[in-house]
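Count the sequence shown with the working numbering and you get residues 22 to 141, in order. See below for the structure under consideration.
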Amino acid sequence: MSNLANIIVHLLFLLVIVSPTAVHAKELKKGMPFLAARTLLLHKGWRPINVHEGDNFSYIGIDKILVKANIKEVESCAMDKAVCIFNYKKCDKCLRLFTQGEKIKGMRVYEWTYDCPDGH
């Protein structure tokens, strides 16, 4: 095998090994401000998923404020507790971000999973 072909094979092998972990949002930290986490995710190539697009969902409370602020990846916010769920996608991977806080600037990340919302 030529030297160039050998290098290409090794690069492809590394790409296959590294790619699945590259889409994960390793820089996310529990307790970080939501807006900082959102900016980080968008810069890392995560796309917001609007799970309510086209279904005439009625936003109320903080989720209505989020949508008006063009943060349309909000799935829902609890009425009795200041918890919201946001959805993102990168390649074929999903990320669900959970925040706590009653105002956008005060929202903090407390958890995330790599689950996809239904139908996405």
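Here a beta-carbon is modelled for each residue, glycine too, at the ideal position from N, C-alpha and C.
- Per DSSP, the unbroken beta strand (DSSP E) holding F119 starts and ends at 114-121.
- Nearest to C115 by C-alpha distance, out of V130, I92, R68, is R68.
- Looking at the DSSP output, Y109 shares a beta bridge with P69, L116.
- Here D84 is buried, its C-beta having at least 16 other C-beta atoms within 10 Å.
- Distance from the CA atom of A57 to the CA atom of I125, rounded to whole angstroms, is 11 Å.
- CA-to-CA, the gap between G140 and V72 works out to about 8 Å.
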